[in-house]
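Notes follow once the structure below has been shown.
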Amino acid sequence: MTITALPSGSSSSWSPLCPHPGWEGVYGGLLSRCTSCGLHATSAQPEFVYDETYFTEDGTAGYNFESEFARAYDAARFESELRRLEARGLKGSVLDIGCASGAFLVHAQARGWEVAGVEVADFARERTESLLGVPLARSLDGLPAGKCFDVVTLHHVLEHIHEPLPFLRDEVAPRVGRLLVVEVPNFSSLASRVHGPRWRDLRPDQHVFHYTPALLSRLLSLAGFRPVRVTTLWEPLWSLRTALNSLRLPAGSRAPSQTRRPPARGRPRRGLGPG
Ligand SMILES: [Zn+2]
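Last residue of the sequence shown: number 431 in this note's numbering, and the count goes up by one each step with no gaps.
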C-alpha cells in the first residue's frame, strides 16, 4: 500500500489518533485492537535490533538487499515510483527516510534527482553513502536546519515507529516541500486476511502498528497532510515467490528463493527503543 499526501498548511490543531482507546486482544493476544478506532498494535512493544545481518542475510528477520531477487524487485518498484513522481512534474530533490541499503536513492540519483537520506543503522548508512558518494544523516535532526525536499519518502518505515504522530507532524512534515510518499504493509490486504497471524508482513517482532489505508490516511491528516492518492502495489515477483512457498515447491533457477519480503528499513524513531 502506498499513499501520497500533500502538506496542508497548519497542523497546529492535531489530536491523538484516538483520544479514548480501548484495547482487545487479537490473534491470541499477539495484537491489540482499539475498539474505538480499529487500529491494531503489536501487544508486546517490539525492541528489534537492526544490525548488519538484518540487511545481508535472508531468514526469519533479515533480508539480503544484495540478492538477485532484491535487485530485480527494487528496480521494478522504485523505477515505477520515480516515473510516477516525475509524471507529476516533481523531479528535483528527494529525501528517503530509513533509506536502508540505498536501493531507492541509487535509482533516484541515476535518474537525475538530488538525493538525501536518513538511516539510523550504521552498516546500512555507511554502505549507502559509499554507493551514492553523498553523506547521509543518522537522524532527521542531522539534516541541515530548515532544509526542505520536493519529495520525502518513507518505504516500510512508519510501521516501525513507536510514536508515529509526533514523528510525522514534528520531524517529517517540516522537511516536505511538495509531496510525501508513505509505503507500509496493508493490514486489510487479502494476504493479511487469508494468512492472519502467519501473514509474512505482520512481523510483530518489528512492527509497532498495523495500518489500513483508512487509518493511515487519518493519521496523516492528523499530522497535517492532505492525502491525495492511495494505491496498493501489485507485486508479481513477490506473488510468484509467495505462491511457490505456499505450494512448498523448491526454488529453482528461475524462482525467487527468499522467504521474506523487503522489510522496513532501519528507521529514525522516537520513543520506546528499536522497533
Ligand atoms: Zn483507537
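Glycine included, every Cβ here is placed at the ideal spot set by N, Cα and C.
Because the structure is a prediction, the values reported are computed rather than measured.
6 angstroms CB neighbourhood of residue i in its chain, flanking five on each side removed
i: Thr-191; result: Gly-178 and Glu-180
i: Arg-267; result: Leu-238
As assigned by DSSP and simplified to three states, the class of residue i
i: Phe-279; result: helix
i: Ala-197; result: strand
i: Pro-297; result: What sits at residue 297 in the sequence shown is Asp, not Pro. It is helical.
i: Thr-284; result: helix
i: Phe-365; result: strand
i: Gly-244; result: Per the sequence presented here, residue 244 reads as Arg, with Gly not at that position. Three-state DSSP puts Arg-244 in coil, outside helix and strand.
i: Leu-335; result: strand
i: Gly-408; result: Confidence in Gly-408 is poor, its pLDDT being 38 and thus under 50, which makes the residue's placement too unreliable to answer from.
i: Asp-117; result: The requested residue 117 is not part of the displayed model; the chain covers only 157 to 431.
i: Cys-174; result: coil
i: Ala-356; result: The question names Ala, yet the displayed sequence has Arg at residue 356. DSSP places Arg-356 in coil when its eight states are reduced to three.
i: Leu-187; result: strand
i: Glu-315; result: helix
i: Ala-379; result: coil
Cβ shell of residue i (< 7 angstroms), same chain only, five flanking positions each side left out
i: Ser-402; result: With a pLDDT of only 45 at Ser-402, under 50, the local geometry of the prediction cannot be trusted, and the value read off the model is given with reservation. Result list for Ser-402: empty, nothing under 7 angstroms.
i: Trp-355; result: Ala-347 and Ser-348
i: Ala-261; result: What sits at residue 261 in the sequence shown is Leu, not Ala. So the list reads Asp-252, Cys-255, Val-271, Gly-273, Thr-284 and Leu-288, once near-sequence residues are dropped.
i: Gln-265; result: Val-271 and Leu-288
Exposure of residue i, with buried meaning 16 or more beta-carbon neighbours within 10 Å
i: Asp-297; result: exposed
i: Glu-203; result: exposed
i: Ser-257; result: buried
i: Pro-175; result: exposed
i: Thr-309; result: buried
i: Val-337; result: buried
i: Asp-361; result: exposed
Residue i versus residue j - alpha carbon distance
i: Leu-299; j: Leu-246; result: 21 angstroms
i: Ser-295; j: Glu-275; result: 7 angstroms
i: Ser-344; j: Glu-315; result: 14 angstroms
i: Val-182; j: Cys-193; result: 15 angstroms
i: Ser-199; j: Phe-365; result: 10 angstroms
i: Leu-376; j: Val-328; result: 11 angstroms
i: Val-350; j: Val-313; result: 24 angstroms
Any C-beta of chain C under 8 angstroms from that of residue i
i: Thr-191; result: Absent here is chain C; the protein component of the structure consists of one chain.
Distance cut-off 7 angstroms: residue i Cβ against heavy atoms of ligand 3
i: Cys-174; result: Ligand 3 is absent from the structure shown, which contains only ligand 1.
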